[in-house]
Amino acid sequence: MFRGLLPPLIQRTANRSIMFGTNEKYQRLFGCSERDPSVCRAFCSFLAGATEACLCPLERVQSLLQTTKHLDKFKNTGHTFRLIYRDYSLKEFYRGYSLMAIRNGCSNILFFSLREPLRSSLLKLTPQQVDSNNITRKGLIHSLADFVCGGFLGGCISTLFYPINVVKNRMQSSVCAEFISSWLVLQTIMTERDGSIRALYRGAQLNFSRSVLTWTKKIDKR
Numbered sequence: 001m002f003r004g005l006l007p008p009l010i011q012r013t014a015n016r017s018i019m020f021g022t023n024e025k026y027q028r029l030f031g032c033s034e035r036d037p038s039v040c041r042a043f044c045s046f047l048a049g050a051t052e053a054c055l056c057p058l059e060r061v062q063s064l065l066q067t068t069k070h071l072d073k074f075k076n077t078g079h080t081f082r083l084i085y086r087d088y089s090l091k092e093f094y095r096g097y098s099l100m101a102i103r104n105g106c107s108n109i110l111f112f113s114l115r116e117p118l119r120s121s122l123l124k125l126t127p128q129q130v131d132s133n134n135i136t137r138k139g140l141i142h143s144l145a146d147f148v149c150g151g152f153l154g155g156c157i158s159t160l161f162y163p164i165n166v167v168k169n170r171m172q173s174s175v176c177a178e179f180i181s182s183w184l185v186l187q188t189i190m191t192e193r194d195g196s197i198r199a200l201y202r203g204a205q206l207n208f209s210r211s212v213l214t215w216t217k218k219i220d221k222r
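What the sequence shown shows, in full-length UniProt numbering, is residues 1 to 222, in sequence order.
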C-alpha cells in the first residue's frame with residue numbers, strides 16, 4: 001500500500017520552494033509589475049511550473065514502483081534509480097517531462113492569477129472592523145480564506161488537469177519502450193475506455209482530496 005511513498009514525499013518538500021521561489025525570481029528578472037496581472041506574470045508562472053517539472057525523475061520512479069507489472073523488477077526507490085541509470089539512458093528519467101511542464105505551468109498561471117482576487121473577495125464578505133476582543137475571530141476568518149484559496153482552488157485546478165496526469169502516468173509506467181507522443185497515448189486510453197470523458201476522470205475524487213491537502217500546505221508554508 002505504501003510502495004512508492006518516498007518519491008512524492010521528497011517532491012512535495014522541494015516543489016513548494018521551487019514554485020514560489022522561481023516565480024518571484026522570474027518576475028524580477030523580466031521586470032513584471034507587482035500589482036496588475038499581465039502576460040509577463042503569466043509567463044513567469046509558466047516558467048516556474050516548467051522549472052518545477054525538473055523533479056520529473058521522482059514522479060517517474062513513483063510510477064514504476066506503483067505499476068503492478070514491475071513489482072518484481074523494482075524493489076524500492078534507490079534500487080529503481082540505480083537500475084534505470086545502469087541499464088537505460090538518462091532520458092528514461094524524463095519520460096513525460098513535457099506533460100509535467102504543461103500541467104505545472106498552466107496550473108501555476110491559474111493559481112497565481114486567481115488566488116489573491118478570490119481571497120480578497122472572500123474577505124470582503126466579512127466585517128471589516130474587528131476590535132481587540134475579536135482577534136481570534138479575525139485570524140479564523142483569514143485562515144478560512146487561505147484554506148479556500150489554497151485548498152479548494154488548488155483542488156479544482158488539479159481536477160481540471162487530471163487527464164494530463166492519466167496520460168503522463170501511462171507514459172511513465174513503461175520502461176525501455178518506444179517514446180511515443182502524448183496524443184497517441186491519449187487516443188489509446190480513450191479507446192480502452194470506450195471514448196468516455198467520464199472514464200478519463202476515473203479516480204479524480206481521490207485526486208481532489210489529496211490536492212486540497214497539498215495546496216493548503218503550500219499556502220501554510222508560504
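Beta carbons are placed, not taken as given, at the ideal position from N, Cα and C, and that holds for glycine.
Beta-carbon proximity of residue i to residue j, cut-off 7 Å
i: Phe-112; j: Ser-45; result: yes
i: Glu-59; j: Asn-104; result: no
i: Leu-99; j: Ser-182; result: yes
i: Ser-172; j: Arg-95; result: A quick correction: the sequence has Gln, not Ser, at residue 172. Yes; because the gap between Cβ atoms is below 7 Å, this pair is in contact.
i: Phe-208; j: Gly-154; result: no
i: Arg-3; j: Leu-55; result: no
i: Tyr-85; j: Cys-176; result: no
i: Leu-110; j: Ile-141; result: no
i: Thr-159; j: Ala-199; result: no
Residue i - DSSP class collapsed to helix/strand/coil
i: Val-166; result: helix
i: Gln-27; result: helix
i: Gln-66; result: coil
i: Ala-145; result: helix
i: Lys-124; result: helix
i: Arg-210; result: helix
i: Ala-177; result: coil
i: Ile-10; result: helix
i: Arg-198; result: helix
i: Leu-140; result: helix
i: residue 228; result: As displayed, the chain neither begins before 1 nor continues past 222, which places residue 228 out of reach and without an answer.
i: Ser-38; result: coil
i: Gly-203; result: coil
i: Phe-152; result: helix
i: Asp-131; result: Confidence is the limiting factor: at Asp-131 the pLDDT is only 49, short of 50, which leaves the residue's position unreliable and the question unanswerable from this model.
i: Phe-20; result: helix
i: Ser-33; result: coil
i: Leu-160; result: helix
7 Å Cβ cutoff, residue i in contact with chain C
i: Gly-203; result: No chain C is present in this structure, which holds just one protein chain.
Rounded straight-line distance, which links the Cα of residue j to that of residue i
i: Lys-75; j: Ala-145; result: 43 Å
i: Thr-77; j: Lys-25; result: 32 Å
i: Val-61; j: Asn-108; result: 24 Å
i: Leu-90; j: Tyr-97; result: 12 Å
i: Glu-178; j: Ile-102; result: 21 Å
i: Phe-31; j: Glu-192; result: Checking the sequence shown, residue 31 turns out to be Gly, not Phe. If you take the alpha carbons of Gly-31 and Glu-192, they lie about 47 Å apart.
i: Leu-184; j: Leu-123; result: 45 Å
i: Thr-68; j: Leu-47; result: 34 Å
i: Met-190; j: Val-167; result: 10 Å
i: Leu-6; j: Thr-13; result: 11 Å
i: Ala-50; j: Arg-16; result: 13 Å
i: Val-212; j: Tyr-201; result: 17 Å
i: residue 224; j: Leu-186; result: Past the edges of the chain, shown from 1 to 222, lies residue 224, and the structure says nothing about it.
i: Gln-170; j: Ser-63; result: The question names Gln, but residue 170 is Arg in the sequence shown. When rounded, the distance between both Cα atoms is 8 Å.
i: Leu-71; j: Ser-174; result: 13 Å
i: Arg-41; j: Arg-115; result: 14 Å
i: Ile-164; j: Gly-21; result: 25 Å
i: Ser-33; j: Tyr-162; result: 31 Å
i: Ile-10; j: Pro-57; result: 11 Å
i: Asn-23; j: Ser-143; result: 23 Å
i: Thr-214; j: Leu-206; result: 12 Å
i: Thr-188; j: Arg-210; result: 27 Å
i: Glu-92; j: Ser-121; result: 45 Å
i: Pro-8; j: Thr-80; result: 14 Å
i: Arg-28; j: Phe-152; result: 29 Å
Whole-Å CB distance - residue i paired with residue j, under 8 Å assumed
i: Cys-149; j: Leu-118; result: 5 Å
Runs of alpha helix (DSSP H) wholly within the UniProt repeat "Solcar" (40 to 121) (minimum 4 residues, chain order): 56 to 65 and 77 to 87
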